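Peer 1: Here it is, the structure in full.
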Amino acid sequence: MKKLIAMLVLSAGFVCTAQVPNHYKTNAGSTSGKTTYYYNRSGTVAGRAQTNGNTTYYYNGNGQPAGRSRTSGNTTYYYNQNGSVAGRSQTNGSTTYYYNGNGQPAGRSRTSGNTTYYYNRNGSPAGRSTKSSSTTYYYDRTGKPAGRSNK
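Each residue of the sequence shown is one higher than the last, beginning at 0 in numbering that gives the first Met the number 0.
Structural data, given as structure tokens:
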């Protein structure tokens, strides 16, 4: 089963800062004061993200800090819970490219309308998400529901 996190697809080789299973959320255009809750397939809260300006803080299902991200222009830097750089993403139009902590390509995503498609570092499909109102639904690479997030 693919594990999706608040920012990046974990088992697809993407960088992980918050191990929130079975979902994905891009942080394009942060909105201050917003909290996003992430739920696993069974509906249990798996984590949350709180945005304050251009910084988003991630917490695991127990409410413990799990990492943060900071956006500057079209680049977002991801930090683990110890404050070390865990990776970055760079958006170019409707495509976002992801890099691991060593700067090596880790994957990409492409948005078309309300759907975002995720690909691993080899270009193989890794999953997708579909946004509907304030809820985003996540699916694994086979199309099975993997979780959701609510803002």
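Beta carbons: idealized from backbone N, C-alpha and C, even for Gly.
Keep in mind it's a predicted model, so treat the numbers as computed, not measured.
1. Less than 8 Å separating the beta-carbons of Arg-109 and Tyr-97?
2. With distances taken between CB atoms, is the gap from Arg-67 to Tyr-56 smaller than 8 Å?
3. When burial is assigned at 16 or more other CB atoms within 10 Å of the CB, is Thr-35 buried or exposed?
4. Would you check if the distance between the CB atom of Gly-72 and the CB atom of Gly-86 is smaller than 8 Å?
5. Within 10 Å of its beta-carbon, does Ser-131 have 16 or more other beta-carbons around it, so buried, or fewer, so exposed?
6. For Ser-148, which of helix, strand or coil comes out of DSSP?
7. Nearest to Gly-82 by alpha carbon, out of Ser-88, Ala-65, Thr-75 and Thr-94?
8. Within 10 angstroms of its Cβ, does Ser-133 collect 16 or more other Cβ (buried), or is it exposed?
9. Between Ser-111, Gly-112 and Lys-143, which lies nearest to Gly-126 when the distance is taken from Cα to Cα?
10. Whole angstroms is fine: what's the gap from Asp-139's alpha carbon to Gly-52's?
Peer 2: If we stick to the structure as given:
1. no
2. yes
3. buried
4. no
5. exposed
6. strand
7. Ala-65
8. exposed
9. Lys-143
10. 31 Å
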